[in-house]
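*Asks:* Got a structure for you, written out below as structure tokens; questions coming shortly.
As structure tokens, this is what we get:
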């Protein structure tokens, strides 16, 4: 069933399908990143595919490879019951230039999952309506699920956020502060 | 401090030029169980625009999974959906087993099913109970938590821990079922079904409860599918997709159960689908316990993945080495990738695993059903009144640990 599906995509996109395999029974195709969105649209609208659900979208970082990231999407057809994994490889060795088209206007589920992939890997989804960090806070530096991000890295302290149009004072003045809490581990050397 | 007897008539009442008002609920708000922040733009009491922000419970599990062995992932998946950790345990174990090409034993499969359905009951009891409590009905909540405690007593008896069992193992379970498991499970399920009946008597004819749920938080089947919703929330919208029926795993193909489906996709349907699923889970448990063999191996006989008996570890060099290799180096999973999915309490729980052939996972992606369900909250509360946020949010059963990982 799914093998047929791979053939359907191959028939339509030809050489844009770079490779395919069916490891552990999961049909997989790797497509050229330029065709990412076209393939997605085709899978959704083609009557033989009818992939109406984008089940999962994530990325995997392979720092020793070029291109570095693999964006992985899992599609499911509720009517036909078949699944397909589509991957595309993007990004250079530094992790810059990792850009791919957003699927947010095709599936609602892509919105948050792409935000997560941006947050965790720094993959820029072109045309995404609202590409903000989702699990991390806005001031977070770096992208934590990259392999070169150390798991025990300490992030810099975030100053009070400046929020416009809000009548609210910070809980303490600049000189007050808490004698305990996060600030102390930075200044602990001076206090002793 | 301002004097309490300030004369309000003197003060000029200033209305903002812009008729909308921004209201921030959460992240630590009693009605936002879990930690979610909801920024709402209000016009009067109507929500014009909403922005749901998650991530306050992010603990970096996917990163941490890349540092240990495959078996050391179990405690992390426990803490994803902490109301039904057994389902997560089984889901992850099955994903690794799919990669290794292992078929678990008959006894293990029935045992996993019975435990998993008990965990599903505890998940649904929590969700429906909390939902009722947030709408002012405290009694059903207490009754349902009493039922949940019965499930957790069984879990404690089996695994030693009430909440985070870490009971799954690649290739089987940590321990075989205890002697009184079947008896205890049957007794608990009977009592839970009585609780459900009593709760229904209290709630389903209550005018206030009905009015606050029916026609509130509507979502169409197309939207739910597009948003990647699975589980009870999707079924409430009328799409009969259940992984246990659509792609049967374990022994779900051999048991008899129905998939409850809603009609309208409102909060009421989500509530009712969950209640009905508890009854279906009870049916599955009953059949699983009938079929659960009294003896036989619980783990596969595969020295690559399963720890040897303690007697062998202490008395034979082969056993010692085998134990050492599995504990220190971890299970060697062949290089490759796999996506395995099971039906968890909130929908399709997927694991996308990448292995580089070493004893440590290269990438563990947990596909949390809650994350996608919560992404639809914005859509269902826009246009509703502010009081409707509470039942809408409650009916989605957002579990912070699973959503934010």
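Chains as they are written, first to last, in this note's numbering: chain A, 514 to 705; chain B, 7 to 411. Glycine included, C-beta positions come from ideal geometry on N, C-alpha and C.
(1) If you follow the alpha helix (DSSP H) that residue 67/B is in, where does it begin and where does it stop?
(2) Let me confirm a value: residue 446/B is counted as buried when at least 16 other C-beta atoms fall within 10 Å, else exposed. Which label applies?
(3) Kindly provide the ranges of any alpha helix (DSSP H) runs that are 4 or more residues long and lie completely inside the region 597-642 of chain A, ordered along the chain.
(4) Quick check for students: name the residue ranges of the beta strand (DSSP E) that lie wholly in the region 28-108 of chain B, counting only runs of 3 or more.
(5) Do you know how far the Cα of residue 317/B is from the Cα of residue 58/B?
(6) In the DSSP assignment, what are the bridge partners of residue 382/B?
(7) My parser needs the beta strand (DSSP E) runs of 3 or more residues fully inside the region 118-191 of chain B; what are they?
(8) Can you find a C-beta in chain B that's less than 7 Å from the C-beta of residue 668/A?
(9) Give me the Cβ distance between residue 359/B and residue 105/B, rounded to the nearest whole Å; I'm assuming they're in contact under 8 Å.
(10) Which same chain residues, not among the five before or five after residue 242/B, have their C-beta less than 7 Å away from its C-beta?
(11) Measuring CB atoms only, is the region 561-577 of chain A touching the region 620-629 of chain A, in the sense that at least three cross pairs come out at less than 8 Å?
(12) Check distances from the C-beta atoms of the region 631-664 of chain A to those of chain B and list, in chain order, the residues that come in under 7 Å.
(13) Under three-state DSSP, which class holds residue 584/A?
(14) So what does DSSP say about residue 406/B, is it helix, strand or coil?
(15) What did DSSP end up calling residue 369/B once you bin it into helix, strand or coil?
(16) Which first and last residues belong to the alpha helix (DSSP H) in which residue 394/B is found?
(17) Assign residue 421/B to buried or exposed, taking buried as 16 or more other Cβ atoms, counted over all protein chains shown, within 10 Å of its Cβ.
(18) So which of 46/B, 203/B, 72/B has the shortest CA-CA distance to residue 362/B?
(19) Might you give, ordered along the chain, the residues of its own chain that have their beta carbon closer than 8 Å to the beta carbon of residue 554/A, omitting 5 neighbours on each side?
(20) Going by beta-carbon coordinates alone, are residue 325/B and residue 319/B separated by less than 7 Å?
(21) Quick one: Cα of residue 99/B to Cα of residue 638/A, how far?
(22) Pull up the DSSP beta-bridge partners for residue 353/B, would you.
(23) Note down, in chain order, every chain E residue with its Cβ under 8 Å from the Cβ of residue 64/B.
(24) If we cut at 7 Å on Cβ distances, does residue 556/A have a partner in chain B?
(25) For a cutoff of 7 Å on Cβ pairs, would you count residue 231/B as touching chain A?
(26) If we define contact as Cβ-Cβ less than 7 Å, is residue 566/A a contact residue for chain B?
(27) Out of 614/A, 615/A, 654/A, 613/A, which one is the CA nearest neighbour of residue 632/A?
(28) Would you mind reading off the limits of the beta strand (DSSP E) that contains residue 534/A?
(29) Sorted by chain position, which residues of the same chain lie with C-beta nearer than 7 Å to residue 328/B's C-beta, five sequence neighbours on each side aside?
(30) Can you find the residues in the same chain that come closer than 6 Å, C-beta to C-beta, to residue 352/B, ignoring five residues on each side of it along the sequence?
(31) Give the secondary structure of residue 360/B by DSSP, where H, G and I count as helix, E and B as strand, and everything else as coil.
(32) Using alpha carbons as the reference points, say which of 409/B, 397/B, 33/B lies closest to residue 220/B.
(33) So for residue 337/B, helix, strand or coil by DSSP?
(34) Any beta carbon of chain A sitting closer than 7 Å to that of residue 355/B?
(35) With a cut-off of 7 Å, does the C-beta of residue 605/A fall near any C-beta of chain B?
(36) Work out the CA separation of residue 153/B and residue 176/B for me, nearest whole Å.
*Replies:* In short, the structure shows the following:
(1) Here residue 67/B refers to the residue found at position 61 of the second chain. Unbroken alpha helix (DSSP H) run through residue 67/B: 67-71.
(2) Only positions 7 to 411 of chain B appear in the structure, and residue 446/B is not among them; the question remains open.
(3) 622-634
(4) 43-49, 52-59
(5) To locate residue 58/B, count along the second chain from 1; it is residue 52. To locate residue 317/B, count along the second chain from 1; it is residue 311. C-alpha separation (whole angstroms): 54 Å.
(6) Taking the second chain and counting its residues from 1, the one referred to as residue 382/B is at position 376. None; residue 382/B has no bridge partner.
(7) none
(8) In the first chain, the residue the question calls residue 668/A occupies position 155. No, residue 668/A lies away from the interface with chain B (no Cβ there is under 7 Å from its Cβ).
(9) In the second chain, the residue the question calls residue 359/B occupies position 353. In the second chain, the residue the question calls residue 105/B occupies position 99. Going by Cβ atoms, the distance from residue 359/B to residue 105/B rounds to 6 Å, so yes, they are a contact pair.
(10) Here residue 242/B refers to the residue found at position 236 of the second chain. 268, 271, 275, 276, 279, listed in sequence order.
(11) yes
(12) 647, 648, 649, 657, 658, 664
(13) As a first step, residue 584/A must be located in the first chain, where it is residue number 71. Note: residue 584/A maps to strand in three-state DSSP.
(14) Position 400 of the second chain holds residue 406/B. Of the three classes helix, strand and coil, the one that applies to residue 406/B here is helix, per DSSP.
(15) Locating residue 369/B in the second chain gives position 363, counting from the first residue. Correct three-state label for residue 369/B: strand.
(16) In the second chain, residue 394/B corresponds to position 388, counting from 1. Counting along the chain, residue 394/B falls outside any alpha helix (DSSP H), and DSSP gives it neither H nor E.
(17) Missing from the structure shown is residue 421/B; chain B here goes from 7 to 411 and no further.
(18) Here residue 362/B refers to the residue found at position 356 of the second chain. Among 46/B, 203/B, 72/B, the Cα nearest to that of residue 362/B belongs to 72/B.
(19) For the purposes of this step, residue 554/A is taken as the residue at position 41 of the first chain. Around residue 554/A: 619.
(20) To locate residue 325/B, count along the second chain from 1; it is residue 319. To locate residue 319/B, count along the second chain from 1; it is residue 313. Contact flag set, yes.
(21) Numbered from its first residue, the second chain carries residue 99/B at position 93. Numbered from its first residue, the first chain carries residue 638/A at position 125. Rounded to whole angstroms, residue 99/B to residue 638/A spans 33 Å at the Cα level.
(22) Start at 1 with the first residue of the second chain, and residue 353/B comes out as number 347. According to DSSP, which records beta bridges pairwise, residue 353/B is partnered with 350/B.
(23) The structure shown contains no chain E; its protein chains are A and B.
(24) Residue 556/A sits at position 43 when you count from the first residue of the first chain. False, the Cβ-Cβ gap to chain B never drops below 7 Å.
(25) Taking the first residue of the second chain as 1, we reach residue 231/B at position 225. For residue 231/B, the answer is yes, since a Cβ of chain A falls inside 7 Å of its Cβ.
(26) Sequence index remark: in the first chain, residue 566/A carries index 53 (1-based). By this cut-off, residue 566/A is an interface position.
(27) Sequence index remark: in the first chain, residue 632/A carries index 119 (1-based). Residue 632/A has its Cα closest to that of 654/A, out of 614/A, 615/A, 654/A, 613/A.
(28) Along the first chain, read from residue 1 onward, the residue named residue 534/A stands at position 21. Where residue 534/A is concerned, the enclosing beta strand (DSSP E) stretches over 530-534.
(29) For the purposes of this step, residue 328/B is taken as the residue at position 322 of the second chain. 309, 314, listed in sequence order.
(30) Stepping through the second chain from its first residue, residue 352/B is reached at position 346. Answer for residue 352/B: 237, 375, 376, 403, listed in chain order.
(31) For the purposes of this step, residue 360/B is identified with residue 354 of the second chain, where counting begins at 1. Reduced to three states, the DSSP call for residue 360/B is strand.
(32) Here residue 220/B is taken as the residue at index 214 of the second chain, counted from 1. It is 397/B.
(33) Numbered from its first residue, the second chain carries residue 337/B at position 331. The answer is coil: DSSP assigns residue 337/B none of H, G, I, E or B.
(34) As a position in the second chain, residue 355/B is number 349, starting the count at 1. No - not a single Cβ of chain A is within 7 Å of the one on residue 355/B.
(35) The count along the first chain starts at 1 and reaches residue 605/A at position 92. No, because no Cβ of chain B sits closer than 7 Å to the Cβ of residue 605/A.
(36) Along the second chain, one-based indexing puts residue 176/B at 170. Along the second chain, one-based indexing puts residue 153/B at 147. Going by the C-alpha atoms only, they are around 30 Å apart.
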